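Q: Sending over a structure as structure tokens; questions will come in a sec.
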Amino acid sequence: MTSLLARGDRRDTPSRPGSDRTRALLSVALRPTGVAVALICVAVVATLVSSNSDLTGAAGAAAASWLALHQVSLSIADAPLGILPLLPTALLVWAVWRGCARAVTRETDLREASWVVGAAVAGPLAATLVALAVISDASAVTALESPNALLALALVGGVHLGASCAGVASVVGRSECVRLGVPDWVPEAVRPAARAAGLLLAAGAAATVASLVWSWSEVGALMDGDFGIVGVFGQTVLSVLYLPNVAVGAAAVIVGGTAQVGGTSLSLFEVVPGAVPPVPVLGGTPAEMVGSAWPVLLVVPVVVGALLGRDCGRSRLPMQETAYMVASAAAGVGVLAALVGFLAGGDIGSFGYVGVVPGVLGLITFAWLVVPGLLVGALVARRNRIGSDGRWTGSTEGATATKDGAPADGDDPVFEVKRLERPTMRFRAAGEQEPAQAGTKSEPADTETPETTAETTSQSPPETAAETEVVDETATPPSVDDDLPDGPASRGD
1 MTSLLARGDR
11 RDTPSRPGSD
21 RTRALLSVAL
31 RPTGVAVALI
41 CVAVVATLVS
51 SNSDLTGAAG
61 AAAASWLALH
71 QVSLSIADAP
81 LGILPLLPTA
91 LLVWAVWRGC
101 ARAVTRETDL
111 REASWVVGAA
121 VAGPLAATLV
131 ALAVISDASA
141 VTALESPNAL
151 LALALVGGVH
161 LGASCAGVAS
171 VVGRSECVRL
181 GVPDWVPEAV
191 RPAARAAGLL
201 LAAGAAATVA
211 SLVWSWSEVG
221 ALMDGDFGIV
231 GVFGQTVLSV
241 LYLPNVAVGA
251 AAVIVGGTAQ
261 VGGTSLSLFE
271 VVPGAVPPVP
281 VLGGTPAEMV
291 GSAWPVLLVV
301 PVVVGALLGR
311 DCGRSRLPMQ
321 ETAYMVASAA
331 AGVGVLAALV
341 GFLAGGDIGS
351 FGYVGVVPGV
361 LGLITFAWLV
371 VPGLLVGALV
381 ARRNRIGSDG
391 RWTGSTEGAT
401 ATKDGAPADG
411 DDPVFEVKRL
421 ERPTMRFRAA
431 GEQEPAQAGT
441 KSEPADTETP
451 ETTAETTSQS
461 PPETAAETEV
471 VDETATPPSV
481 DDDLPDGPAS
491 RGD
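Numbering (UniProt numbering), first residue to last: 1 to 493.
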């Protein structure tokens, strides 16, 4: 009976590391996919019910929505739908990134991190295979056509692979760079690049909102049709979902590129009018060039590039490494701009292509960022007085100007900072004499008797029981026998 009572409760037994690892991998593989599929099913059923449609094609619509969530082009009744909303995809990427970042720690090695990435990709690929089978079956009774299976798997896997790698790298990336001997400027370039990309996208979003407000009458005309309350709500939701796509096109125009909106082509220098898809979020597309001050907006990428150089220069790296950091950050933003430009565009029915040219967008983004970034980064690095060897070359207080034991030549001498010896503190009881007065070890100092101490205490004001003395370890080596008094320390009453 005693052994049974001492056994404890089963719930108090710690779980095995293997079970925790399996649980974490299953969470990474199934949670984002399951939540996304559940939300898609709810949205599809709500849309069909609100439009008084039957639920015959609900399964096919849900499967197609899963593919559209990963920017897989669809075809409905021989009409291509290549431009798909970026906002749901961005939310999915954020969810995968966050889940993978929580599944690892800074001590996680590459082998365990690869298991997390593999689990994050395997779950969505399995769901994609099911979706392709459902679409193939539903195409017999609906106008939905089956997409290219290899392209669908590649896009789904690419989205989740990129998001999972980014999430894992955000936790273990810096430690792995240190372990592998990667230069310091490589991980340091990530944060300035992300800030520059965010500023460009924010500028595009601000330009989009401003154009919608300026063209509010055209936007209202597109929503005044015979749609009813449900139709107006649906168009509003659709416009919000496509807002990042339009912001990417506006950002491309701001950096000097060209955006294609159906038959309309626009840039900061000219506008070629044409047919525009009747979507409220595209109601702000200008039909003609009004005024001649639009090229002034090119100052926006210049300012963003200058801020990129400032952020890189503040890393206090040598001049050459600062230049490498600026160039790599600008190149990363250019690659990201080209990738987002590719995902944000596509064909839509008979209106043609809507979007930007991804390669051109990436090149001009890199050019606008790297030139002012290098200039400002060099100025900031020079102001910080960091030389190419990583030593301070400015005036340092308390340093000695030496170079190989001799004064440095030139206007800017190289300063060498010498480390000061660490002082120590030794406590000496009240009444203890100085080491010089106490004598050597062979001649011990006279210690005060308790009677003498009591008499002195009664005749003099109270003193602190202990005094402190700062001793340099290099000047006076510590000695246990000399530092401590022979008898017990007397304390004043």
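Yeah, the Cβ is synthetic: ideal placement off N, Cα and C, and Gly gets one too. Keep in mind that this is a model prediction, so the values were computed, not measured.
Can you tell me whether residue 135 is buried or exposed? The criterion is at least 16 other CB atoms within 10 Å of its CB, across all chains shown.
A: As a working note, residue 135 is residue 135 in the sequence shown. Buried, since its Cβ has 16 or more Cβ neighbours within 10 Å.
Q: Pull up the CB-CB distance for residue 101 and residue 170, whole angstroms please, since I reckon it's below 8 angstroms.
A: The residue given as residue 101 occupies position 101 in the sequence shown. The residue given as residue 170 occupies position 170 in the sequence shown. At roughly 5 angstroms, the Cβ-Cβ gap stays under 8 angstroms, so residue 101 and residue 170 are in contact.
Q: Exposed or buried, what is residue 78 when buried is set at 16 or more other beta-carbons lying within 10 Å of its beta-carbon?
A: Locating residue 78 in the sequence shown gives position 78, counting from the first residue. Per the 10 Å Cβ criterion, exposed.
Q: Scan the segment 241-306 and note each continuous beta strand (DSSP E) run of 3 residues or more that stays entirely inside, going in chain order.
A: Fully enclosed beta strand (DSSP E) runs of 3 or longer: 259-261 and 264-266.
Q: With C-beta atoms as the reference, is residue 369 less than 9 angstroms away from residue 299?
A: Numbered from its first residue, the sequence shown carries residue 369 at position 369. Numbered from its first residue, the sequence shown carries residue 299 at position 299. Cβ atoms of residue 369 and residue 299: not closer than 9 angstroms.
Q: Check whether the segment 116-132 and the segment 27-45 touch, using three or more Cβ-Cβ pairs below 8 angstroms as the test.
A: Enough Cβ pairs lie closer than 8 angstroms, so yes.
Q: Please report the straight-line C-alpha distance between residue 357 and residue 216, rounded to a whole angstrom.
A: Translated into positions along the sequence shown, residue 357 becomes position 357. Translated into positions along the sequence shown, residue 216 becomes position 216. Near 28 angstroms, if we compare the C-alpha coordinates of residue 216 and residue 357.
Q: Work out the CA separation of residue 162 and residue 112 for me, nearest whole Å.
A: Position 112 of the sequence shown, counted from the first residue, corresponds to residue 112. Position 162 of the sequence shown, counted from the first residue, corresponds to residue 162. The alpha-carbon atoms of residue 112 and residue 162 are separated by roughly 17 angstroms.
Q: Is the beta carbon of residue 316 closer than 9 angstroms to that of residue 384?
A: Taking the sequence shown and counting its residues from 1, the one referred to as residue 384 is at position 384. Taking the sequence shown and counting its residues from 1, the one referred to as residue 316 is at position 316. Going by C-beta atoms, residue 384 is nearer than 9 angstroms to residue 316.
Q: Please report the residue range of the beta strand (DSSP E) in which residue 494 lies.
A: Only positions 1 to 493 of the chain appear in the structure, and residue 494 is not among them; the question remains open.
Q: Please determine if the segment 175-185 and the segment 141-158 are in contact, where contact requires at least 3 C-beta pairs separated by less than 8 angstroms.
A: Touching, no.
Q: Where are the beta strand (DSSP E) runs, 3 residues long or more, that stay fully inside the segment 312-397, in chain order?
A: Complete beta strand (DSSP E) runs here, min 3: 353-356.
Q: Are the segment 331-343 and the segment 365-381 touching, with three or more C-beta to C-beta distances below 8 angstroms?
A: Flag = yes, the segment 331-343 and the segment 365-381 touch.
Q: Does residue 269 pass the burial test, meaning 16 or more other C-beta atoms within 10 Å, or should it be called exposed?
A: Taking the first residue of the sequence shown as 1, we reach residue 269 at position 269. Result: exposed.
Q: I want to know whether the segment 270-283 touches the segment 307-316 - three or more CB-CB distances under 8 angstroms.
A: Because the criterion of three Cβ pairs below 8 angstroms is not met, the segment 270-283 and the segment 307-316 do not touch.
Q: Are at least three pairs of beta-carbons, each pair with one atom in the segment 343-352 and one in the segment 227-237, less than 8 angstroms apart?
A: Contact fails: fewer than three Cβ-Cβ distances are below 8 angstroms.
Q: Measuring alpha carbon to alpha carbon, tell me which of 59, 88, 105 and 236 ends up nearest residue 70.
A: Here residue 70 refers to the residue found at position 70 when the sequence shown is read from its first residue. Nearest of 59, 88, 105 and 236 to residue 70, Cα basis: 88.
Q: Is residue 260 buried or exposed, if buried means 16 or more other CB atoms sit within 10 Å of its CB?
A: In the sequence shown, the residue the question calls residue 260 occupies position 260. So residue 260 ends up on the buried side.
Q: Tell me, to the nearest whole angstrom, how far the beta carbon of residue 201 is from that of residue 251; I am working on the premise that it is less than 8 angstroms.
A: For the purposes of this step, residue 201 is identified with residue 201 of the sequence shown, where counting begins at 1. For the purposes of this step, residue 251 is identified with residue 251 of the sequence shown, where counting begins at 1. About 6 angstroms; that satisfies the 8 angstroms criterion.
Q: For residue 205, I'd like the list of residues in its chain whose CB is within less than 6 angstroms of its CB, leaving aside the five on either flank, ordered along the chain.
A: By one-based count along the sequence shown, residue 205 stands at place 205. 247.
Q: Where does residue 84 fall in DSSP's three states?
A: Here residue 84 corresponds to residue number 84 of the sequence shown, with the count starting at 1. If DSSP states are grouped into helix, strand and coil, residue 84 belongs with coil.
Q: Identify, in the order they occur along the chain, each residue of the same chain with its Cβ nearer than 6 angstroms to the Cβ of residue 189, setting aside the five sequence neighbours on each side.
A: Stepping through the sequence shown from its first residue, residue 189 is reached at position 189. Contacts found: 325, 328 and 329.
Q: Residue 208: buried (16+ other C-beta within 10 angstroms of its C-beta) or exposed?
A: Here residue 208 refers to the residue found at position 208 when the sequence shown is read from its first residue. By the 10 Å Cβ count, residue 208 comes out buried.
Q: Whole angstroms is fine: what's the gap from residue 218's alpha carbon to residue 275's?
A: Indexing the sequence shown from 1 puts residue 218 at position 218. Indexing the sequence shown from 1 puts residue 275 at position 275. Each residue's Cα considered, the two are about 14 angstroms apart.
Q: How is residue 144 classed by DSSP in three states: helix, strand or coil?
A: Here residue 144 refers to the residue found at position 144 when the sequence shown is read from its first residue. Residue state, collapsed to three classes: strand.
Q: Who are residue 229's beta bridge partners in DSSP?
A: In the sequence shown, the residue the question calls residue 229 occupies position 229. In the DSSP output, where bridge partners are listed per residue, residue 229 has none listed.
Q: Are residue 351 and residue 277 touching if we call contact CB-CB under 9 angstroms?
A: Taking the first residue of the sequence shown as position 1, residue 351 is located at position 351. Taking the first residue of the sequence shown as position 1, residue 277 is located at position 277. Closer than 9 angstroms, so yes.
Q: So, helix, strand or coil for residue 464, using DSSP?
A: Start at 1 with the first residue of the sequence shown, and residue 464 comes out as number 464. Confidence at residue 464 is low in this model, with a pLDDT of 44, below 50, so its placement is unreliable and the value that follows should be read with caution. In the structure shown, residue 464 sits in coil (DSSP, three-state: anything other than H, G, I, E or B).
Q: Taking the CB atoms as reference points, tell me whether residue 55 and residue 64 lie closer together than 9 angstroms.
A: One-based indexing of the sequence shown puts residue 55 at position 55. One-based indexing of the sequence shown puts residue 64 at position 64. No.
Q: Indicate the three-state DSSP secondary structure (helix, strand or coil) for residue 75 in the structure shown.
A: The sequence position of residue 75 within the sequence shown is 75, counting from 1. Three-state DSSP puts residue 75 in a strand.
Q: Would you please state the rounded distance, in angstroms, between the beta carbons of residue 320 and residue 280? I believe it to be under 8 angstroms.
A: The count along the sequence shown starts at 1 and reaches residue 320 at position 320. The count along the sequence shown starts at 1 and reaches residue 280 at position 280. With 8 angstroms as the limit, residue 320 and residue 280 do not qualify as a contact, their Cβ atoms being about 51 angstroms apart.
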